[in-house]
Amino acid sequence: MEKLYLVYGKNRVRIDETVNKLTKDYLATVDDFNRIVFDYIETEIEYIIEECITLPFLSDRKVVIVKDAFLFTAEKKRTSIDHNIDKMIQYIEDKEDDTLLIFVTSAEKLDNRKKITKLIKKQGKIIECEEMNERELVQHINDAVKSEGLTIRNDAVNELLNRTGANYTIVKNELEKLMLFAHDIITVEDVNIIVSKSLEANVFSLTDFILKNQKREAVDVFRDLILQKEEPIKLLGLISSQFRLYYQTKILMNEGMRQDEISSRLKVHPYRVKLAMSQVNQYPLEVLLQKMVLIRDMDYELKSTYLDSEALFEVFISKI
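Pasting the structure below:
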């Protein structure tokens, strides 16, 4: 096992799970004496290094975790500490102790131009915690359910993904509640009872109804969202973003791109692209563009009038 890791990504839950697994794999038992956690913003590099080279107390091994380690990114953060990066570079180059050192940063990408980033690639191991794709999420759900002695129906899995927007963190939390609620088999009825629709899922439904000219259903979803304290201007922005995704997806589909290629090009979760592809297949680009123009006009009207925004939004739905 490596003794130097950099764990990064935007999925905080998967980052924590990865760090915990590395820690448990390295230590026989985990306690406050052999697992030391620092915040890079508040801790001098010299102190981190000193802890790494100090022999563990009442243990054969030790893990040092450095959170918010933005030194590997292009990100700038306020800190009163004047970090001596050269000392950390020297420590990594000469590292001979048995301490497992784990750097953690919730950044989307690293700065590969930096010497210290190049060094950790050479001397240690970098783990990126990306959002799970649909196949990985389905496997995770089935594995988690099986580990509790339960089973879950395929339609229940699909509804869980729909209601959570295939967001791993939300899926994980909602699945825990489902497993406590269900008996033997998790059904789609269980999902409908326990799992609330995410804002993203509601916006998808609202956009779908708008696209299909199902105005009554669109108004019902809009009113439900207003009861949940969502602002019309915010909802319009999300709808605009969804139609932009539809439009871009349609263009790339026409160019012959696959789902994974479109996801990579647009930097959008593969599950969102899958839903977009299923929606736009039956609509020409001109229709999508027309809807986007109406949304743009409504955005201007909402921002430049003193009239009731909720009433205006319902008028907008009737027009679009």
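When you line the sequence shown up against the working numbering, it's residues 150 to 469, in that order. Ideal Cβ positions, reconstructed from N, Cα and C, are used throughout, including at glycine.
Span of the beta strand (DSSP E) around residue i
i	result
residue 157	153-157
residue 259	Looking at the DSSP string, residue 259 is not in any beta strand (DSSP E), and its letter there is neither H nor E.
residue 340	Not the beta strand (DSSP E): residue 340 falls in the alpha helix (DSSP H), residues 337-343.
residue 246	Per DSSP, residue 246 belongs to no beta strand (DSSP E) and is neither H nor E.
residue 184	184-188
Within 8 Å, strictly: CB atoms of residue i and residue j
i	j	result
residue 437	residue 395	yes
residue 329	residue 310	no
residue 370	residue 463	no
residue 340	residue 308	yes
residue 320	residue 313	yes
residue 250	residue 152	yes
residue 237	residue 190	no
residue 160	residue 318	yes
residue 423	residue 469	no
residue 304	residue 337	yes
residue 456	residue 382	no
residue 301	residue 316	no
residue 375	residue 459	yes
residue 334	residue 384	no
residue 222	residue 254	yes
residue 420	residue 283	yes
residue 158	residue 279	yes
Identity of the residue in the options nearest residue i by Cα
i	options	result
residue 281	164, 435, 429, 463	164
residue 389	427, 425, 307, 448	448
residue 216	225, 275, 155, 195	155
residue 444	405, 196, 460, 465	465
residue 426	414, 407, 214, 442	407
residue 173	293, 157, 259, 211	211
residue 433	349, 361, 373	361
residue 175	372, 363, 247	247
residue 218	202, 243, 266	266
residue 166	273, 277, 229, 355	277
residue 204	354, 184, 220, 223	184
residue 239	221, 222, 264, 256	264
residue 446	435, 228, 461	461
residue 244	269, 255, 220	269
residue 225	378, 442, 256, 405	256
residue 162	196, 429, 455, 322	322
residue 180	197, 187, 208	208
residue 399	379, 386, 428	428
residue 295	272, 271, 332, 283	332
residue 242	271, 227, 228, 335	271
residue 431	357, 415, 411, 378	357
residue 145	206, 228, 188	It is not possible to answer for residue 145, since the shown part of the chain is limited to 150 through 469.
residue 171	409, 202, 274	274
residue 348	380, 289, 261	380
residue 391	230, 350, 288	350
residue 397	150, 378, 417	417
Residue i: first and last residue of the uninterrupted alpha helix (DSSP H) it sits in
i	result
residue 320	317-330
residue 212	No alpha helix (DSSP H) contains residue 212, which is instead part of the beta strand (DSSP E) from 212-216.
residue 231	No alpha helix (DSSP H) contains residue 231, which DSSP labels as neither H nor E.
residue 371	364-376
residue 199	194-202
residue 353	348-360
Per-residue DSSP class, three states only, for residue i
i	result
residue 480	For the chain, the structure presents residues 150 to 469; residue 480 sits outside this window and is missing.
residue 422	helix
residue 454	coil
residue 175	helix
residue 406	coil
residue 469	coil
residue 381	helix
residue 206	coil
residue 227	coil
residue 180	coil
residue 314	coil
residue 432	coil
residue 417	coil
residue 169	helix
residue 266	helix
residue 191	coil
residue 398	helix
residue 291	helix
residue 160	coil
DSSP beta-bridge partners of residue i
i	result
residue 274	154
residue 300	334
residue 252	155, 215
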